[in-house]
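Quick note, the sequences are listed as chains A and B, same order.
Be aware that the first sequence starts at 2, since it is given in the numbering used here, and climbs by one per residue.
Be aware that the second sequence starts at 35, since it is given in the numbering used here, and climbs by one per residue.
Worksheet: the structure to be examined is printed underneath.
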Amino acid sequence: MSQFGTSQPTLRQKLLHLNWELVLLIVLTASIGFAMLYSAANGSFDPWASRQFSRFCVGLAMMLVVALVDIRLWLRASYPIYAICLGLLAAVEIMGSIGMGAQRWLDLGFFQLQPSEVMKIAVILALARYFHGFDVDEAGRLRNLWIPVLIVVAPIALVLRQPDLGTAMVVAMVGGAMFWLGGARLWQFGVVAAGVAAAVPMAWQFLHAYQKQRIFTFLNPENDPLGSGYHILQSKIALGSGGMFGKGFLEGTQSHLNFLPEKQTDFIFTMLAEEFGLIGGVGLIALYGLLIAYGIFIAFRCRSQFARLLAMGLSVNFFLYVFINIAMVMGILPVVGVPLPLISYGGTAMLTVLIGFGLIMSCWLHRDMYINRRGGLA
Amino acid sequence: MNSRDNDRQRFFTRRAALLAGGQFGLLAALVGRMYYLQVVESERYHMLAEENRINMRLLPPSRGRILDRFGVPVAINEQNYRVLIKSENTPDVSAVLDRLAMIIPINADEKTRILKEIRRKKKFVPVTVREFLEWEDVARLEVNAPDLPGVTIDVSERRFYPNGIAAAHVLGYVGAPRREDLTGDPLLELPGFRIGRSGVERAFDKPLRGTAGASQLEVNAVGRVIRELDRQEGDAGRDVVLTMDMALQRSAMRRLGDESGAVVVMDIETGGLIAQASTPSFDPNAFTEGLSNAQWRALADNERAPLRNKAIAGEYAPGSTFKMVVALAALEEGVITPKTSFFCPGHLELGDGKFHCWKRHGHGHVDLVRSISESCDVYYYEIVRKVGIDKIAEMASRFGLGTDLGLDVPGERTGLVPTKSWKRAVIGQPWVLGETLVAGIGQGFVLTTPLQLVTMTARMVNGGKAVFPHIARDVTRRGDLTERVPREQVSIGVDAGHLDLMMKAMAEVTLDPRGTAHAARIKVPGLSMAGKTGTAQVRRITRREREGGVRTNDELPWRFRDHALFVGYAPVEKPRYAIAVVVEHGGGGSSVAAPIARDILTETLERDPAKLAPGADVAGLRGPSRQGT
Numbered sequence: 002m003s004q005f006g007t008s009q010p011t012l013r014q015k016l017l018h019l020n021w022e023l024v025l026l027i028v029l030t031a032s033i034g035f036a037m038l039y040s041a042a043n044g045s046f047d048p049w050a051s052r053q054f055s056r057f058c059v060g061l062a063m064m065l066v067v068a069l070v071d072i073r074l075w076l077r078a079s080y081p082i083y084a085i086c087l088g089l090l091a092a093v094e095i096m097g098s099i100g101m102g103a104q105r106w107l108d109l110g111f112f113q114l115q116p117s118e119v120m121k122i123a124v125i126l127a128l129a130r131y132f133h134g135f136d137v138d139e140a141g142r143l144r145n146l147w148i149p150v151l152i153v154v155a156p157i158a159l160v161l162r163q164p165d166l167g168t169a170m171v172v173a174m175v176g177g178a179m180f181w182l183g184g185a186r187l188w189q190f191g192v193v194a195a196g197v198a199a200a201v202p203m204a205w206q207f208l209h210a211y212q213k214q215r216i217f218t219f220l221n222p223e224n225d226p227l228g229s230g231y232h233i234l235q236s237k238i239a240l241g242s243g244g245m246f247g248k249g250f251l252e253g254t255q256s257h258l259n260f261l262p263e264k265q266t267d268f269i270f271t272m273l274a275e276e277f278g279l280i281g282g283v284g285l286i287a288l289y290g291l292l293i294a295y296g297i298f299i300a301f302r303c304r305s306q307f308a309r310l311l312a313m314g315l316s317v318n319f320f321l322y323v324f325i326n327i328a329m330v331m332g333i334l335p336v337v338g339v340p341l342p343l344i345s346y347g348g349t350a351m352l353t354v355l356i357g358f359g360l361i362m363s364c365w366l367h368r369d370m371y372i373n374r375r376g377g378l379a
Numbered sequence: 035m036n037s038r039d040n041d042r043q044r045f046f047t048r049r050a051a052l053l054a055g056g057q058f059g060l061l062a063a064l065v066g067r068m069y070y071l072q073v074v075e076s077e078r079y080h081m082l083a084e085e086n087r088i089n090m091r092l093l094p095p096s097r098g099r100i101l102d103r104f105g106v107p108v109a110i111n112e113q114n115y116r117v118l119i120k121s122e123n124t125p126d127v128s129a130v131l132d133r134l135a136m137i138i139p140i141n142a143d144e145k146t147r148i149l150k151e152i153r154r155k156k157k158f159v160p161v162t163v164r165e166f167l168e169w170e171d172v173a174r175l176e177v178n179a180p181d182l183p184g185v186t187i188d189v190s191e192r193r194f195y196p197n198g199i200a201a202a203h204v205l206g207y208v209g210a211p212r213r214e215d216l217t218g219d220p221l222l223e224l225p226g227f228r229i230g231r232s233g234v235e236r237a238f239d240k241p242l243r244g245t246a247g248a249s250q251l252e253v254n255a256v257g258r259v260i261r262e263l264d265r266q267e268g269d270a271g272r273d274v275v276l277t278m279d280m281a282l283q284r285s286a287m288r289r290l291g292d293e294s295g296a297v298v299v300m301d302i303e304t305g306g307l308i309a310q311a312s313t314p315s316f317d318p319n320a321f322t323e324g325l326s327n328a329q330w331r332a333l334a335d336n337e338r339a340p341l342r343n344k345a346i347a348g349e350y351a352p353g354s355t356f357k358m359v360v361a362l363a364a365l366e367e368g369v370i371t372p373k374t375s376f377f378c379p380g381h382l383e384l385g386d387g388k389f390h391c392w393k394r395h396g397h398g399h400v401d402l403v404r405s406i407s408e409s410c411d412v413y414y415y416e417i418v419r420k421v422g423i424d425k426i427a428e429m430a431s432r433f434g435l436g437t438d439l440g441l442d443v444p445g446e447r448t449g450l451v452p453t454k455s456w457k458r459a460v461i462g463q464p465w466v467l468g469e470t471l472v473a474g475i476g477q478g479f480v481l482t483t484p485l486q487l488v489t490m491t492a493r494m495v496n497g498g499k500a501v502f503p504h505i506a507r508d509v510t511r512r513g514d515l516t517e518r519v520p521r522e523q524v525s526i527g528v529d530a531g532h533l534d535l536m537m538k539a540m541a542e543v544t545l546d547p548r549g550t551a552h553a554a555r556i557k558v559p560g561l562s563m564a565g566k567t568g569t570a571q572v573r574r575i576t577r578r579e580r581e582g583g584v585r586t587n588d589e590l591p592w593r594f595r596d597h598a599l600f601v602g603y604a605p606v607e608k609p610r611y612a613i614a615v616v617v618e619h620g621g622g623g624s625s626v627a628a629p630i631a632r633d634i635l636t637e638t639l640e641r642d643p644a645k646l647a648p649g650a651d652v653a654g655l656r657g658p659s660r661q662g663t
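Structural data, given as structure tokens:
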């Protein structure tokens, strides 16, 4: 038994044992983001870097609060949180404001909430909660799998109606990871894969014209260099021209001359790679690798299935942000509108990622806590 | 802790490890892709990035000048002041235009055009409000600059011909390239770029044009210029030096005055054209700015054809100026000797036809020299019957008549010297003897240009050398005055004695009191000219009219009057200059054309432009090769 045992650690103990080095990594990554936003505005804190910084401060505080909350509280709150998020997502459908050609934001007056972002965490929480209650062999039974399938499919259906193919796929992949960790059988994955393969031609017909265009463009961006291929092509040019050491901070010609679109949001990695080259880009990927590894490491150390699943799931979620965004700007995935976590300009994504890390830290602080199947202490 | 939990943990650890492995594998793939893009393919993307941001802007070269033989500029570049407006610096474009209109007139149509253009273009692209501003307007705009935000004045060059209409046909004019002129050279597509449209401007367009410079500009994605990265100045066009003496050219134009006609003065040794006048003329400066439709129609529809360079493209029956060619053909064929004479009763009857001499009651006994100096037609009726049209045509072509002389500016026409085979082929009828008689006095089918007539005269008095006309003395960068002689001069193969005889006869034309141009001889002591008059009928005189009395030119509408011609040379003793004068529907050669030739040759002799030594230091050629105005 560790020093915590089954007793409640004090707030002081929690603060002392919080993984401050993880906090430091997060601050470091976010700081790179501020620098890039400063550069994206041609050497100005306005309009992005300053606002991003204040959001980050709020988010950091929220992260610490989330980390200090007893993990059992999160376990009990899992389903309600999921329900609320699903409700919000449905609300977007009904009264969401129009933005970027798709309904994604909920105007809360003081904040533009993007429920689909928060939904990813809610799905992870709900699935962690669900699989927490089953043994591995039980979890793999089909009769026990339809509820988690619903948990994953419901938000996907709503997100697809917006339509937001990127988020839907991320939710599906995170869900898949949770099933994988929770105990689904290999053959079940096989069946799903076969089913998806069969459904793709059908689903193609339901895609919006712009979504089809994105896929065509992705397959051959040179076909339409000034139209829909412009983003990918310009991104590759900016990135490739950065070379080994880059053009230097504030010296990225492609981004500063506006050839690079969306440089403060989805394509910020391109700007970083243009200005700091391969060294800078690989450095950032390494930093992300550390953050991901940290989550995995924590997952391995947790005693409760809920904490393990939660930490690992959040880590996978974070990984998916990083991978999809970078792969997208380098032209190996279609442009789907996934931000680079902690760096891209944007409120909800920043908040979600920080809350995710708060939960991972909560897992760490409560790693030795044994939680029974129904969510109470042993 | 129980065994089920342990199972669960082992299962989780295994699957999570696999998942983590997959994640790091994918991250490694990203690093690999980055390496590929940023190291392996870096060069290619670097190039693409430069192409993205660097925009080449052509700097139009300064067009070369055209100088006369003494280095006097006859085509130059003038500053063109333009008013531009940039909407991004202008809070209220319409109000600024209204204020601008108080300084330089802008009418409602222009304002609409400007506003439309501003809406269509990006806001940092300047729109031209008005071009070709007077200097006073520029000054007033500068003074009012604080009230005119976004208004700038910009200077470019435009072609200017200081002599206006005086050399319009020789120099030609410049204009915007037409679709068919575009060769893919981006220079031609620059707005405001002009190319040579006719005359010297067209013939020497390439060297005059020069090569464009380039400015490398850094632009952003919407094309706004951020800064200039590099600048390569182009090469200004070369100057073209003409054989023309602008002072003489102006005199020739002035002397022709309101007449419709042409004067060509040639250096008989080199073939260089010293003056080449054609009237009426046009203002080439108007072409630089572009003509309105009405202006164009007025020029194109004028019956006196101001746009045609009559000196090289006007085709006229040579009349009696053709007689030397006929006489030489007869001499060379042995049909006559220098002593042969005929009796002229005033006409020659041939079959049904009656061929008249211009002198109604005849010249009496006429020898060869008198047949020229007094221009007896009957003498030629007699000899052409024996020589035949084909021999005459052969001799005419040796003197350049009916041939392409290869002048170095475009627009030359070949005229026509008929032969029997020509008539069969073109008209489809056999040649008849009457036509030979008519051709023998330079009428009928025979057509020549003033350029051919002056070349004929030059070859006749330069010892029988085949000179060819040219107008460009040199294409130069530093003012080298070595005159190009475009073709090797070979002998035209006419007996020198025969040529001397012709010169003697042509001298009699002015010197002998009975000569047709005696009244028009040069009376200035020490100066002299010789020549031959010609009067070419442009209508058929019917027998009835002849019996009732031929109407004089004054009684006829302009277009039915005779053409007056004169070919000549000077000085008589040691010829150097040849001249051809044609006055369309001007009347008699001796009364109209010969005095014009006399006045121009007198001035030519006084100026003696041929004395200019090669490499002489002349105004404008040695100094700075470029001048602004």
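Cβ atoms here follow ideal geometry from the backbone N, Cα and C, with glycine treated the same way.
Requested in this report: Report yes if the C-beta distance between Val616 (chain B) and Pro484 (chain B) is below 8 angstroms; otherwise report no.
Outcome: Pairing Val616 (chain B) with Pro484 (chain B) gives a Cβ-Cβ distance under 8 angstroms.
Query raised in the report: Going along the chain, which unbroken runs of the alpha helix (DSSP H) with 4 or more residues stay wholly within the stretch 119-207 of chain B?
Result: List check, alpha helix (DSSP H) in window: 127-135, 142-154, 169-177, 202-205.
Query raised in the report: So Lys145 (chain B) and Leu131 (chain B) are in contact, right, with Cβ under 8 angstroms, and what is the actual spacing, rounded?
Result: Rounded, the Cβ-Cβ distance is 6 angstroms, consistent with contact.
Query - Contact set between Val65 (chain B) and chain A, taken where Cβ atoms lie within less than 7 angstroms - result: For Val65 (chain B), the chain A residues whose C-beta falls within less than 7 angstroms of its own C-beta are Val283, Ile286, listed in chain order.
Query raised in the report: Do Val543 (chain B) and Lys557 (chain B) come within 8 angstroms of each other at the CB atom, strictly closer than that value?
Result: Val543 (chain B) is positioned such that its CB atom lies no closer than 8 angstroms to that of Lys557 (chain B).
Query raised in the report: Should Glu262 (chain B) go down as buried or exposed, given a rule of 16 or more other Cβ atoms within 10 Å for buried?
Result: Under this definition Glu262 (chain B) is an exposed residue.
Query raised in the report: Can you find a CB in chain A that lies within less than 8 angstroms of the CB of Gln57 (chain B)?
Result: With its beta carbon less than 8 angstroms from one in chain A, Gln57 (chain B) belongs to the interface.
Query raised in the report: In this structure, what does DSSP give as the bridge partners for Met300 (chain B)?
Result: DSSP lists B:Leu307, B:Ala612 as partners of Met300 (chain B).
Query raised in the report: Straight-line CA distance for Tyr289 (chain A) to Val59 (chain A)?
Result: In this structure, the straight-line span from the alpha carbon of Tyr289 (chain A) to that of Val59 (chain A) is close to 21 angstroms.
Requested in this report: Count the other CB atoms, across all protein chains shown, that sit within 10 Å of the CB of Leu515 (chain B); report buried if there are 16 or more and exposed otherwise.
Outcome: Low per-residue confidence applies at Leu515 (chain B): pLDDT is 46, beneath 50, and the placement is therefore not dependable enough to give any value.
**Report entry** Where the beta strand (DSSP E) containing Asn40 (chain B) begins and where it ends
**Finding:** Element bounds for Asn40 (chain B): not the beta strand (DSSP E) but the alpha helix (DSSP H), 37-69.
Report task. Please confirm if Val336 (chain A) has its CB atom under 8 angstroms from at least one CB of chain B. Result -> The beta carbon of Val336 (chain A) sits no closer than 8 angstroms to any beta carbon of chain B.
Report task. Figure out for me which residue from B:Phe433, B:Ser455, B:Arg458 has the closest Cα to the Cα of Thr448 (chain B). Result -> Ranking B:Phe433, B:Ser455, B:Arg458 by Cα distance to Thr448 (chain B) puts B:Phe433 first.
Query - Candidates A:Val66, A:Phe324, A:Gly184, A:Ser345, of which the one nearest Gln265 (chain A) by Cα - result: Nearest neighbour of Gln265 (chain A) by Cα position, chosen from A:Val66, A:Phe324, A:Gly184, A:Ser345, turns out to be A:Ser345.
Query raised in the report: Touching or not, the stretch 129-138 of chain A and the stretch 308-315 of chain A, by the rule of three or more beta carbon pairs under 8 angstroms?
Result: The stretch 129-138 of chain A is in contact with the stretch 308-315 of chain A.
Requested in this report: Measuring only between beta-carbons, confirm whether Val73 (chain B) sits less than 8 angstroms from chain A.
Outcome: Residue-level contact check: Val73 (chain B) touches chain A, since one or more beta carbons of chain A fall below 8 angstroms from its beta carbon.
Report task. Return the chain-ordered ranges of every beta strand (DSSP E) run that is complete within the stretch 440-515 of chain B and spans a minimum of 3 residues. Result -> Within the stretch 440-515 of chain B, the complete beta strand (DSSP E) runs of at least 3 residues are 506-510.
Query raised in the report: Which whole runs of the alpha helix (DSSP H) in the stretch 14-87 of chain A are 4 residues long or more, in chain order?
Result: Whole alpha helix (DSSP H) segments, 4+ residues: 21-41, 50-69.
Requested in this report: Just tell me which of B:Tyr415, B:Gly247, B:Lys454, B:Ala430 has its CA closest to the CA of Gly474 (chain B).
Outcome: The option with the nearest alpha carbon to Gly474 (chain B) is B:Tyr415.
Query - chain B contact for Asn20 (chain A) (CB, 8 angstroms cutoff) - result: Cβ-Cβ to chain B under 8 angstroms: no for Asn20 (chain A).
Requested in this report: Determine, using beta carbons only, whether Leu438 (chain B) and Ala506 (chain B) come nearer to each other than 8 angstroms.
Outcome: Correcting the residue identity first, residue 438 (chain B) is Asp in this sequence and not Leu. By the CB criterion at 8 angstroms, Asp438 (chain B) and Ala506 (chain B) fall outside the cutoff.
Report task. Leaving out five residues on either side along the sequence, give the residues of the same chain with a beta carbon under 8 angstroms from the beta carbon of Val189 (chain B). Result -> Hits under 8 angstroms: Gln113, Asn114, Tyr115, Arg116.
Query raised in the report: Considering only residues of the stretch 253-289 of chain B, which uninterrupted beta strand (DSSP E) runs meet the minimum length of 3 residues and lie entirely inside it, listed in chain order?
Result: Listed in chain order, they are 259-266, 273-276.
Query raised in the report: Leaving out five residues before and five after Met179 (chain A) in sequence, what residues of the same chain have Cβ atoms less than 6 angstroms from its Cβ?
Result: Excluding sequence neighbours, Met179 (chain A) sits near Leu128, Gly314.
Query raised in the report: According to DSSP, is Gly398 (chain B) helix, strand or coil?
Result: Strand.
Query raised in the report: Just the Cα atoms here: how many angstroms apart are Leu187 (chain A) and Gln57 (chain B)?
Result: The alpha-carbon atoms of Leu187 (chain A) and Gln57 (chain B) are separated by roughly 19 angstroms.
Query raised in the report: Cα separation between His397 (chain B) and Gly306 (chain B)?
Result: One C-alpha to the other measures close to 39 angstroms.
**Report entry** Residue burial classification, Val163 (chain B) (beta-carbon count within 10 angstroms, cutoff 16)
**Finding:** By the neighbour-count criterion, in which a residue is buried when 16 or more other Cβ atoms sit within 10 angstroms of its Cβ, Val163 (chain B) is buried.
Query raised in the report: Residues bridged to Glu112 (chain B) by DSSP?
Result: In DSSP, Glu112 (chain B) forms a bridge with B:Arg192.
**Report entry** Endpoints, beta strand (DSSP E) assigned at Leu599 (chain B)
**Finding:** Taken as a continuous stretch (DSSP letters only), the beta strand (DSSP E) holding Leu599 (chain B) covers 597-604.
Query raised in the report: Buried or exposed: where does His395 (chain B) fall if 16 or more other Cβ atoms within 10 Å of its Cβ makes it buried?
Result: Flag for His395 (chain B) reads exposed.
Report task. State buried or exposed for Val460 (chain B), treating a residue as buried only when at least 16 other CB atoms are found within 10 Å of its CB. Result -> Counting Cβ neighbours within 10 Å, Val460 (chain B) comes out exposed, since fewer than 16 surround it.
Query raised in the report: When you check each C-beta in the stretch 39-52 of chain B against every C-beta of chain A, which residues fall closer than 7 angstroms?
Result: Answer set for the stretch 39-52 of chain B: Asp41, Arg42, Phe45, Phe46, Thr47, Arg49, Ala50.
Report task. Could you tell me whether any Cβ in chain E is nearer than 8 angstroms to the Cβ of Lys237 (chain A)? Result -> Annotation note: the requested chain E is absent from the structure, which comprises protein chains A and B.
Report task. Indicate whether at least one CB of chain A lies closer than 8 angstroms to the CB of Tyr195 (chain B). Result -> No - not a single Cβ of chain A is within 8 angstroms of the one on Tyr195 (chain B).
**Report entry** Near-chain B residues of the stretch 240-259 of chain A (beta-carbon distance less than 7 angstroms), N- to C-terminal order
**Finding:** Residues of the stretch 240-259 of chain A whose Cβ lies closer than 7 angstroms to any Cβ of chain B, in chain order: Leu240, Gly241, Ser242, Gly243, Gly244, Met245, Thr254, Gln255, Leu258, Asn259.
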